[in-house]
Each structure stands twice: as C-alpha cells, then as structure tokens.
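**Q** Have a look at this one.
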Amino acid sequence: MIRKLFAVAILLITVSACSNCQEPAKMDLAPGMKVVASWQGNSWWVATIDSISGDDVSLTYADGEKGVKNKSLVIPHPEVQYTSGKPCCFKAGDKVVAKWKNNNWWVATIDSVQKDTANVTYSDGEKGIQSTKDIVRYNQ
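Right, here's the structure in full:
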C-alpha cells in the first residue's frame with residue numbers, strides 16, 4: 005500500500021512540474037531571428053536568419069559562414085522560444101537538438117530528465133548532460 009501511495013505521489017509531482025512548463029511557442033521564422041540550424045549531417049550551429057524565400061532560409065552561422073537551408077532544418081533558438089516561461093518538459097525518448105560545445109549542437113535523444121537538466125545520447129553515440137534551456141525539440 006505504501007509503495008502505491010509513493011508511486012501516486014511521484015506521478016502527481018511529475019504531472020504538476022510539467023504543467024508549470026511551457027512548450028515552445030509555434031513561431032514563424034523571420035529575418036534577424038537567432039536560430040539553431042543544420043550545418044552538415046547531424047551537426048547544427050547557432051545562426052541568424054538573413055532572409056527567407058519560400059522554403060529556403062539564408063543564414064549567417066556564428067562563425068561568420070553563410071548558408072542556405074530548408075525551413076525544416078532551422079529551429080528558433082531556445083533563447084527566442086522561451087522568452088515568456090520555463091523550458092518545456094522533456095521525457096525519455098524525445099528526439100531533440102541539444103547543445104554540445106560552444107555554438108555546436110547535435111541531434112540527440114533524451115535518456116532521462118532531472119529538474120533542470122537532461123541526460124542525452126547524441127547521434128554519434130556520445131553521451132552528455134545538458135541544461136533543458138539548451139535543448140530544442142526536433143520532429144524529423
């Protein structure tokens with residue numbers, strides 16, 4: 005009986021914690037917006053949108069390199085997504101793009117979530133712990 009009560013208490017705490025989180029706003033991409041954009045393969049970099057033409061997004065990456073990517077490979081940066089609330093709740097198995105080092109981000113899968121951090125496995129098999137503020141959902 006005590007185990008069942010404990011399990012219910014943990015479930016309620018988890019549900020209430022997630023109800024306080026805010027999913028990223030559905031945002032339209034716009035020139036000047038800070039984003040995380042695909043660079044090569046599973047490597048993503050912080051960039052700024054220069055212009056948009058149809059599904060093509062012209063970017064300047066943080067290192068100054070220029071590129072053009074399809075809109076599906078450009079995600080608003082967490083600083084832009086979460087300006088009005090806490091980062092969204094993640095759960096084990098979620099597909100994301102997570103910060104790796106400096107301005108480099110990688111496609112990853114959430115392994116587990118703590119209060120403000122998540123254990124992730126990057127697409128190359130490397131594991132890491134990242135702040136939930138440095139993770140964005142990736143639905144590809």
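Take the sequence shown: its letters are residues 5 to 144, numbered as in the numbering used here.
Glycine residues also receive a C-beta, built at the ideal position from the N, C-alpha and C atoms.
Runs of 3 residues minimum, wholly inside the region 59–118: which ones carry the beta strand (DSSP E) assignment?
**A** Entirely contained in the region 59–118, the beta strand (DSSP E) runs reaching 3 residues are, in chain order, 60–65, 70–74, 78–80, 99–105 and 108–117.
**Q** Using DSSP with H/G/I as helix, E/B as strand and the rest coil, what is residue 54?
**A** The sequence position of residue 54 within the sequence shown is 50, counting from 1. Looking at residue 54 - three-state DSSP - the assignment turns out to be strand.
**Q** Check the DSSP bridge columns for residue 132 and list the partner residues they point to.
**A** Start at 1 with the first residue of the sequence shown, and residue 132 comes out as number 128. Answer is 124, bridged to residue 132.
**Q** Just the Cα atoms here: how many angstroms apart are residue 107 and residue 50?
**A** Along the sequence shown, read from residue 1 onward, the residue named residue 107 stands at position 103. Along the sequence shown, read from residue 1 onward, the residue named residue 50 stands at position 46. Their Cα atoms are separated by approximately 5 Å.
**Q** Which residues bound the beta strand (DSSP E) around residue 41?
**A** Against the sequence shown, residue 41 aligns to sequence position 37. Looking at the DSSP string, the run of the beta strand (DSSP E) that includes residue 41 is 38–44.
**Q** Using CA atoms only, rank isn't needed, just tell me which of 123, 36 and 74 is closest to residue 99.
**A** Against the sequence shown, residue 99 aligns to sequence position 95. Per the Cα distances, 123.
**Q** Using C-beta distances below 6 Å, list every residue in its chain close to residue 59, excluding the 5 sequence neighbours before and after it, in chain order.
**A** In the sequence shown, the residue the question calls residue 59 occupies position 55. Around residue 59: 74 and 75.
**Q** Give the C-beta separation of residue 31 and residue 80 to the nearest angstrom, bearing in mind that I take them to be a contact with Cβ-Cβ under 8 Å.
**A** Here residue 31 is taken as the residue at index 27 of the sequence shown, counted from 1. Here residue 80 is taken as the residue at index 76 of the sequence shown, counted from 1. That pair is a contact at about 5 Å.
**Q** Let me check understanding here. Comparing Cα to Cα, which of 127, 47 and 35 lies closest to residue 53?
**A** On the sequence shown, position 49 is the one that residue 53 refers to. Residue 53 has its Cα closest to that of 35, out of 127, 47 and 35.
**Q** Quick one, which of 118, 104 and 109 has its alpha-carbon nearest residue 43's?
**A** As a first step, residue 43 is located in the sequence shown; it is residue number 39 there, counting from the start. Closest option to residue 43, Cα to Cα, is 109.
**Q** Can you check whether the CB of residue 41 is closer than 8 Å to the CB of residue 77?
**A** Numbered from its first residue, the sequence shown carries residue 77 at position 73. Numbered from its first residue, the sequence shown carries residue 41 at position 37. Yes; because the gap between Cβ atoms is below 8 Å, this pair is in contact.
**Q** Below 7 Å CB to CB, which residues in the same chain sit around residue 47 once its five sequence neighbours on both sides are set aside?
**A** Locating residue 47 in the sequence shown gives position 43, counting from the first residue. Only 108 and 110 meet the Cβ criterion.
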